[in-house]
Amino acid sequence: MSEQTKDLKRLEVLKEQLNDYAYHYYVLDQSLISDAEYDRLYKELLAIEADHPEWISQDSPSQRVGDQLLEGFQKVNHAQAMYSLGNAFNEADIQAFIKRVEEGVGDRYSLMCECKIDGLAIALTYEEGLFIRGATRGNGQTGEDITQNLRTIPSLPLRLRQPVSGEFRGEAYMPKEIFAKLNTLRDEAGESPLANPRNAAAGALRQIDPAKAAQRQLNIFMYNCSSHSEIVADSQAKLLEEMEAVGLRTNPLRKLCKNFEEVWEFIQRVNHQRHQLPYEIDGIVIKVNSFTQQEKLGYTVKAPRWAIAYKFPAELAQTTLIDVEWTVGRTGVVTPTAVMKPVLLAGTTVQRASLHNVDLIEKLGLHMGDRVMIHKAGDIIPEIKQVDRTYRKPDSLPISIPEQCPQCSEELIQIKDEVALRCVNPNCPAQRLAQITHFVSRVAMNIDGLGEKIVEQLLDNQLIKDPADLYYLKQDDFLKLDKVKEKTANNLVTAIENSKDRGLDRLLFALGIRHVGAKAARLIAEEFGTIEAVMTADQDQVSQIDGIGEIISQSLVHYFEQETSLELIKRFKKIGVKTDFPLKKVVEDQLNDFAGKTIVLTGSMERYSRNEAKQILQNLGANVTNSVSKKTDLLIVGSEAGSKLTKAQSLGILIMNEATFLEKLAESGIKNAK
Ligand code: IVH
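Counting from 1, position 539 in the sequence shown corresponds to residue 770 in this note's numbering; the numbering is continuous, with no gaps.
Shown next as structure tokens:
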């Protein structure tokens with residue numbers, strides 16, 4: 232056997248093995264091999280594919296995340312309409328549903344009860360076992376083609392275990408843990424939290440960058456198929472088993488019930504354990520099991536008569552308001568938080584709830600010591616829903632709204648058209664603390680090991696008063712702090728030093744300029760490239776950036792009109808904090824050496840990381856791909872290039888080294904390239 236044939240055979244074996252392991256792991260929840268072993272096989276597959284890009288097939292595990300941005304989403308017609316379901320809210324509604332079923336099919340029936348997953352309905356099309364398309368439900372008749380984003384979901388099989396064709400339906404969802412992490416990150420980045428995992432899943436699937444969709448780590452449960460599908464089953468129970476057998480993930484938490492009592496018992500049981508489930512459910516779907524009976528019952532215009540969705544009641548808990556705390560944020564906004572007697576609600580102990588602003592306190596008519604009803608918005612975020620005035624003591628006092636800053640005693644103001652109370656003292660210690668804590672946080676300058684506690688001590692000991700001061704600290708300064716030993720002090724100095732290279736986008740965000748979130752900071756950095764250009768820009772120039780509005784541009788320009796801001800930047804520059812952005816967008820539609828070309832990067836470069844280089848090239852209009860093939864126009868090589876270089880040489884593809892690359896970039900108007 233020739234080397235070629237051997238490699239091809241090996242590739243087929245690897246693909247099959249990896250897909251099989253994935254099936255056991257994601258669908259059956261069984262781990263057959265260690266992660267390390269899986270990685271080893273996966274790398275072997277990548278290596279063969281790198282040598283033979285022409286062998287890369289659509290069902291290869293390497294093809295989950297493409298490297299192309301999507302150009303919007305095409306409309307797709309569903310093979311058969313995707314219906315929604317009628318709702319039931321209590322025992323009587325379910326009994327009425329069962330009665331209608333009995334009237335239609337008699338009393339010999341069974342009911343399949345499944346969890347109602349709080350995600351996004353999807354339809355997956357397979358042709359002879361190959362995943363060819365995935366779509367959203369849309370209006371039921373037509374949805375949107377989100378194939379590329381769905382491919383990134385590891386539990387979605389790219390090839391089924393049997394060569395069947397059909398359209399399978401189910402739910403894509405974001406696991407609770409991932410949802411919670413995403414919201415923490417959003418919070419750190421100054422973005423508002425997503426209300427529930429369903430919105431988060433929908434957002435993930437509508438990303439135009441599949442790599443971003445992949446980061447959201449969605450999962451799927453499949454529960455249905457269109458009548459055109461080649462799955463042989465005569466009931467819902469059998470269908471779920473068959474779907475699982477061909478490789479589709481189904482939810483094992485389900486029960487075939489004989490009557491109302493069994494259905495209700497299942498509902499109660501699931502309701503009790505639902506907060507422990509790793510995914511969010513908002514009810515139970517009850518389906519007539521037999522397909523013959525389903526057909527007999529048929530559909531109304533909107534929903535099947537053979538199924539109904541029971542919705543869990545929103546959970547409420549009663550507790551007592553003990554205190555209202557007022558905290559000063561980094562922009563000086565003073566926010567109230569309710570402190571309550573701890574109470575168990577929807578799976579966790581709750582004792583604090585944001586009151587958002589003064590308006591809400593007034594709307595609720597809150598008094599100290601009030602008996603309050605709380606719920607969780609989107610089943611996650613605790614909120615006070617209402618006050619039970621019957622328990623109010625006659626001498627209880629309404630919540631007093633502070634007139635002075637709880638930290639610096641400066642008079643608080645309420646800006647016109649804003650509900651927020653604000654402390655406008657630029658020297659307010661609470662604001663300083665919040666600002667510097669934001670500056671060092673993971674999403675901003677990412678200074679490892681430097682958290683609020685240390686920042687607080689540095690401020691208290693007057694070792695710093697603004698973020699630039701951090702860069703002037705010595706090891707000895709840290710040793711003056713509580714519980715900080717030599718090693719920690721050393722690590723902190725190194726971490727601060729390392730953060731100097733984050734670049735203009737991070738720095739702009741880290742400064743905590745009002746309204747300038749991570750995304751806006753990036754857009755501004757891309758547009759202007761250097762801090763000097765940002766500082767001298769006027770409002771018109773800034774608001775011309777796509778995605779930047781009046782409010783942001785006004786705030787940015789105002790920030791750099793302040794003497795203190797200019798001083799701060801001067802000190803950042805003096806100590807070597809990087810204040811430029813290498814990925815400056817080429818605004819002019821100029822021709823360059825890279826536009827329209829298919830380019831592969833290999834080896835490591837000194838000036839840019841692989842990702843940075845890729846983005847620069849994309850901004851210049853190039854198509855950057857991962858593997859060398861006949862279609863490749865140019866290979867850019869750093870040091871230690873491997874098989875891609877050999878391959879390109881054998882195909883006679885143009886090769887460019889880093890020095891020439893940087894030169895061409897400079898010619899193309901990329902500042903700081905050299
Ligand atoms: S069956 C014709 N089963 O709930 C029957 N739906 O309100 C179609 N959903 O749009 C739906 N889990 O997105 C079914 N186990 C489940 C479900 C489920 C969640 C969603 C689905 C549908 C909505 C109906």
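All C-beta atoms in this analysis are idealised placements derived from N, C-alpha and C, irrespective of residue type, glycine included.
{"Item": "CA-to-CA distance, A768 to V818, given in whole angstroms", "Value": "Confidence at V818 is low in this model, with a pLDDT of 44, below 50, so the placement of that residue is unreliable and no value is reported for it."}
{"Item": "Cβ shell of D290 (< 8 Å), same chain only, five flanking positions each side left out", "Value": "K246, N250, L361, F362, L389 and R390"}
{"Item": "Cα-Cα separation, Q645 to F803", "Value": "33 Å"}
{"Item": "Extent of the continuous beta strand (DSSP E) to which W286 belongs", "Value": "No beta strand (DSSP E) holds W286; DSSP gives it neither H nor E."}
{"Item": "Burial state of Q775, where buried means 16 or more other Cβ atoms lie within 10 Å", "Value": "exposed"}
{"Item": "Sequence-distant residues of its chain with Cβ nearer than 7 Å to R429 (five each side left out)", "Value": "D349, G350 and L351"}
{"Item": "Rounded separation between R536 and T367 - CA only", "Value": "23 Å"}
{"Item": "Closest Cα partner of Y314 within the set D824, P657 and A354", "Value": "A354"}
{"Item": "Distance cut-off 7 Å: N455 Cβ against heavy atoms of the ligand IVH", "Value": "yes"}
{"Item": "Local Cβ density within 10 Å of I762, reported as buried at 16 or more and exposed below that", "Value": "buried"}
{"Item": "C346: CB within 7 Å of a non-hydrogen atom of the ligand IVH", "Value": "yes"}
{"Item": "Endpoints, the beta strand (DSSP E) within which F399 is located", "Value": "G397 to Y404"}
{"Item": "Within 8 Å, strictly: CB atoms of A749 and I539", "Value": "no"}
{"Item": "Rounded straight-line distance, which links the Cα of N857 to that of K828", "Value": "14 Å"}
{"Item": "N- and C-terminal bounds of the alpha helix (DSSP H) containing F892", "Value": "E889 to E898"}
{"Item": "Cα-Cα separation between T891 and L885, rounded to whole angstroms", "Value": "12 Å"}
{"Item": "Cβ pair N450, I377 closer than 8 Å", "Value": "no"}
{"Item": "Cross-strand partners of L425 (DSSP beta bridge)", "Value": "Paired residues: none, contrary to the question."}
{"Item": "Cross-strand partners of F304 (DSSP beta bridge)", "Value": "None, per the DSSP bridge assignment."}
{"Item": "Buried versus exposed, by CB contacts within 10 Å (16 or more), E243", "Value": "exposed"}
{"Item": "In DSSP terms, what T668 is bridged to", "Value": "Beta-bridge pairing links T668 to no other residue."}
{"Item": "Proximity test, L316 beta-carbon vs the ligand FMN heavy atom, cut-off 7 Å", "Value": "Of the ligands one can find in the structure shown, namely the ligand IVH, none is the ligand FMN."}
{"Item": "Closer than 7 Å: E516 CB and nearest the ligand IVH heavy atom", "Value": "Checking the sequence shown, residue 516 turns out to be Val, not Glu. Checking the Cβ of V516 against the ligand IVH gives yes."}
{"Item": "Length of the line joining the Cα atoms of L381 and R733", "Value": "32 Å"}
{"Item": "Cβ-based neighbour list, T523, same chain, cut-off 8 Å, excluding 5 preceding and 5 following", "Value": "D465"}
{"Item": "Rounded straight-line distance, which links the Cα of N850 to that of D820", "Value": "In this predicted model, D820 has a pLDDT of only 45, less than 50, meaning its place in the structure is not dependable enough to derive any value."}
{"Item": "Close-in-space but distant-in-sequence residues of the same chain around G869 (CB under 6 Å, 5 per side omitted)", "Value": "G834, S835, M836 and E889"}
{"Item": "Residues near L848 in its chain [Cβ-Cβ closer than 7 Å; skip 5 each side]", "Value": "F825, I830 and V855"}
{"Item": "S870 in three-state terms, based on DSSP", "Value": "strand"}
{"Item": "Cβ contact (3+ pairs, closer than 8 Å) linking the region 395-410 and the region 507-517", "Value": "yes"}
{"Item": "Span of the alpha helix (DSSP H), counted from its first residue to its last, around Y314", "Value": "Taken as a continuous stretch (DSSP letters only), Y314 belongs to no alpha helix (DSSP H), as it is neither H nor E."}
{"Item": "Contact test: R368 Cβ vs the ligand IVH heavy atom, cutoff 7 Å", "Value": "yes"}
{"Item": "Check whether Y273 and L263 have beta carbons under 8 Å apart", "Value": "no"}
{"Item": "Exposure label - K696; buried when at least 16 CB within 10 Å", "Value": "exposed"}
{"Item": "Beta carbon of L738 nearer than 8 Å to that of V808", "Value": "yes"}
{"Item": "Three-state secondary structure assigned by DSSP to F791", "Value": "coil"}
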